[in-house]
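A quick write-up on the structure given underneath.
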Amino acid sequence: MSIDTKDIVEEKPGNSTLVDLPSNPNGKKVYLESYGCAMNFSDSEIVASILTKEGYATTYKPQEADLVLINTCSIRDKAEQTVRNKLTQFKGMKRKFNPKMKVGILGCMAERLKTQLLEEEKLVDLVAGPDSYRALPELLKEIDSGQKAVNVLLSRDETYADISPVKLGENGVSSFISITRGCDNMCSFCVVPFTRGRERSRNPETIVQEAKELFEMGFREVTLLGQNVDSYRWNITKKGEVKDDSLPTVSFAQLMMMVAEVNPLLRIRFSTSHPKDLSDEVLYAIKKYDNICNYVHLPVQSGNSEMLKRMNRGYSREWYLNRINAIKTITPECTISTDLIIGFCGETEEEHQDTISLVKEVEFSFAYMYKYSERPKTLAERKYEDDVPEKVKSDRLSEIIDIQRENQRKTHDRFIGLTKEVLVEGPSKKNPDELCGRISENTMVIFPNRDFKAGQYVDVKITAATSATLRGEAIV
Ligand code: SAH
Ligand code: SF4
Ligand code: F3S
66 MSIDTKDIVE EKPGNSTLVD LPSNPNGKKV YLESYGCAMN FSDSEIVASI LTKEGYATTY
126 KPQEADLVLI NTCSIRDKAE QTVRNKLTQF KGMKRKFNPK MKVGILGCMA ERLKTQLLEE
186 EKLVDLVAGP DSYRALPELL KEIDSGQKAV NVLLSRDETY ADISPVKLGE NGVSSFISIT
246 RGCDNMCSFC VVPFTRGRER SRNPETIVQE AKELFEMGFR EVTLLGQNVD SYRWNITKKG
306 EVKDDSLPTV SFAQLMMMVA EVNPLLRIRF STSHPKDLSD EVLYAIKKYD NICNYVHLPV
366 QSGNSEMLKR MNRGYSREWY LNRINAIKTI TPECTISTDL IIGFCGETEE EHQDTISLVK
426 EVEFSFAYMY KYSERPKTLA ERKYEDDVPE KVKSDRLSEI IDIQRENQRK THDRFIGLTK
486 EVLVEGPSKK NPDELCGRIS ENTMVIFPNR DFKAGQYVDV KITAATSATL RGEAIV
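What follows is the structure, encoded as structure tokens:
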């Protein structure tokens with residue numbers, strides 16, 4: 066799997082996870098492909114784990130698979146279109162090579178469209194939402210007996226805490242651990258609360274255990290994942306009351322420190338922080354532990370307070386800038402990245418200019434920038450009109466991309482001349498004689514290989530920068 070966090074993109078690319086499960090055949094082969102966010106990729110590893118136990122072997126070739134599973138994303142219309150196009154390809158493949166092939170849709174599109182997918186996409190045999198993967202063995206039996214199978218029940222407590230994910234298509238260095246599922250925030254533009262259900266936190270012991278296992282397998286970096294990691298809480302109610310006095314409570318900052326204690330050679334990252342909930346306690350944890358990375362992804366979405374109200378984000382421009390100030394004061398080494406939505410309902414030129422001024426002021430090290438895409442059933446779809454013309458959305462997006470590119474160049478220029486610790490991920494994509502790896506601040510560094518191995522920490526003197534990456538020379 067590669068989730069590229071270093072290109073300026075309008076849409077995160079649809080990454081495919083091609084499973085390489087250990088050979089353990091029940092005579093059947095599965096092909097699994099994933100789209101969307103890191104949570105979805107992490108879920109695919111849970112699915113792979115469940116299928117391994119069922120005796121499935123895997124294949125990189127969908128045309129020879131008995132079962133094709135697509136783990137889908139609904140965040141923007143384009144994400145859904147990509148999956149529909151993919152389904153058309155599988156339809157052709159099934160007809161041509163393998164008429165017995167069964168096709169299943171997992172993830173957020175399965176949850177959003179439910180049985181509609183069976184009716185619309187004649188090819189689909191199985192529809193399973195994000196909280197129903199434990200039921201996959203029974204669902205597979207149903208389709209084996211010639212029926213269609215659907216399970217889209219959302220759960221209030223499923224976290225798959227006890228399932229050890231099978232690590233898929235990763236670089237063997239950097240991995241993900243889900244710490245919460247679902248989201249209770251109801252941002253007006255967002256489909257996630259509908260597709261992923263209520264927010265719930267995972268037992269901290271199982272999180273620490275997974276981090277230990279990953280370290281023993283050779284991984285040197287974990288990203289703690291949740292839609293809003295700052296709202297992670299164990300044995301604490303939403304109102305902040307202790308649930309059971311006889312048990313310890315764990316906040317997100319405490320959880321991060323528990324994982325950081327696993328080994329000083331294991332780097333900790335986290336995503337996504339929510340500006341309304343990012344606490345100073347989290348920033349002090351970053352400051353205290355060298356292995357908690359100097360990097361915060363803090364999606365702002367818009368730089369205008371009225372717009373943020375329409376988005377139902379729960380903070381104002383001033384609040385956001387106050388949080389940025391806290392990061393810059395408590396952890397001055399931290400780089401900060403963000404997400405932006407361009408052309409949300411009713412966005413005026415003035416509101417757009419407020420986003421531009423905020424982007425200039427904060428100087429983000431990276432930004433994911435998206436044109437607003439209306440999603441069915443969301444608050445925005447019911448309450449506001451998607452009234453910014455496509456051309457205006459595109460022009461505003463280009464304007465912000467140019468400013469952000471300049472920000473990135475500036476942030477990266479500051480590293481020139483410094484010696485930074487790089488965690489080697491593997492050969493550079495463009496030149497196999499060079500290596501690539503990230504610094505704590507999350508920027509990718511390319512440098513000549515001198516017999517270093519993936520997973521090794523190497524001190525690299527930074528010699529040049531572009532808006533996308535740094536270049537350097539190893540200091541040995
Ligand atoms: N939980 C995270 C984000 C999850 S979705 C958070 O709250 O920050 C990732 C990003 O997709 C969001 O930050 C937002 O910028 C973008 N996004 C979500 N819904 C969108 C929509 N309807 N149109 C365009 N972009 C959207
Ligand atoms: Fe969506 Fe908002 Fe939840 Fe993020 S915090 S997943 S944007 S509802
Ligand atoms: Fe997409 Fe679902 Fe993630 S909508 S962004 S796969 S939570």
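This note's numbering applies: residue 66 is where the sequence shown begins, and numbers increase by one. No residue lacks a Cβ here, since even glycine has one placed at the ideal position from N, Cα and C.
Endpoints, the beta strand (DSSP E) within which residue i is located
| i | result |
| --- | --- |
| residue 171 | 167–171 |
| residue 445 | First-last for residue 445: 444–448, but that is the alpha helix (DSSP H), not the beta strand (DSSP E). |
| residue 288 | 286–290 |
| residue 536 | 535–539 |
| residue 98 | 94–99 |
| residue 487 | 484–492 |
| residue 64 | Residue 64 is absent from the structure shown; the chain starts at 66 and stops at 541. |
| residue 431 | 431–436 |
| residue 504 | From DSSP, residue 504 is part of no beta strand (DSSP E); its letter is neither H nor E. |
| residue 530 | 522–530 |
| residue 215 | 214–216 |
| residue 334 | 332–336 |
| residue 243 | 239–243 |
Nearest to residue i (by Cα), restricted to the options the options
| i | options | result |
| --- | --- | --- |
| residue 544 | 459, 288 and 270 | Only positions 66 to 541 of the chain appear in this structure, which leaves residue 544 out of reach. |
| residue 182 | 146, 199 and 207 | 146 |
| residue 216 | 111, 238, 177 and 226 | 177 |
| residue 284 | 517, 489 and 530 | 489 |
| residue 398 | 121, 360, 408 and 415 | 360 |
| residue 236 | 286, 317, 346 and 473 | 286 |
| residue 210 | 197, 190 and 218 | 190 |
| residue 376 | 434, 448, 180 and 93 | 448 |
| residue 442 | 535, 460, 199 and 257 | 257 |
| residue 514 | 255, 491, 246 and 417 | 491 |
| residue 246 | 312, 213 and 266 | 266 |
| residue 129 | 142, 113, 160 and 356 | 160 |
| residue 433 | 406, 415 and 457 | 406 |
| residue 101 | 353, 263 and 137 | 137 |
| residue 354 | 225, 116 and 332 | 332 |
| residue 461 | 493, 415, 498 and 330 | 415 |
| residue 127 | 115, 167 and 226 | 167 |
Endpoints, the alpha helix (DSSP H) within which residue i is located
| i | result |
| --- | --- |
| residue 157 | 142–162 |
| residue 259 | 257–261 |
| residue 113 | 103–118 |
| residue 250 | That residue, residue 250, is in no alpha helix (DSSP H); it is neither H nor E in DSSP. |
| residue 204 | 201–209 |
| residue 512 | Where residue 512 is concerned, there is no enclosing alpha helix (DSSP H), although the beta strand (DSSP E) it sits in stretches over 509–513. |
| residue 135 | Counting along the chain, residue 135 falls outside any alpha helix (DSSP H), though it belongs to the beta strand (DSSP E) covering 132–137. |
Counted within 10 angstroms of its Cβ, other Cβ atoms place residue i as buried (16 or more) or exposed
| i | result |
| --- | --- |
| residue 86 | Note that residue 86 scores 49 on pLDDT, short of 50, meaning its location in the model is unreliable; the coordinates nonetheless yield the value given after this. Classification for residue 86: buried. |
| residue 202 | exposed |
| residue 105 | buried |
| residue 412 | buried |
| residue 437 | buried |
| residue 337 | buried |
| residue 108 | buried |
| residue 162 | exposed |
| residue 541 | exposed |
| residue 125 | exposed |
| residue 91 | exposed |
| residue 307 | exposed |
| residue 141 | buried |
| residue 469 | buried |
| residue 149 | exposed |
| residue 212 | exposed |
| residue 483 | exposed |
| residue 539 | buried |
| residue 157 | exposed |
| residue 264 | buried |
| residue 305 | exposed |
| residue 523 | buried |
Expected contact under 8 angstroms - CB spacing of residue i and residue j to nearest Å
| i | j | result |
| --- | --- | --- |
| residue 368 | residue 302 | Contact flag wrong, Cβ pair sits at about 34 angstroms. |
| residue 537 | residue 528 | 5 angstroms |
| residue 403 | residue 364 | 5 angstroms |
| residue 430 | residue 486 | In fact, because the Cβ distance is near 17 angstroms, the residues do not count as touching under 8 angstroms. |
| residue 272 | residue 228 | The pair is not a contact, with the Cβ atoms about 13 angstroms apart (cut-off 8 angstroms). |
| residue 254 | residue 445 | 5 angstroms |
| residue 280 | residue 356 | That pair is no contact at about 11 angstroms. |
| residue 520 | residue 457 | The pair is not a contact, with the Cβ atoms about 47 angstroms apart (cut-off 8 angstroms). |
Any non-hydrogen atom of the ligand MN closer than 6 angstroms to residue i Cβ
| i | result |
| --- | --- |
| residue 138 | Absence of the ligand MN from the depicted structure is noted, with the ligand SAH, the ligand SF4 and the ligand F3S being the only ligands included. |
Proximity test, Cβ basis, 7 angstroms: residue i and chain E
| i | result |
| --- | --- |
| residue 242 | Absent from the structure: chain E. Only one protein chain is present. |
Complete alpha helix (DSSP H) runs within the region 341–388 (minimum length 4 residues, chain order): 345–353 and 370–375
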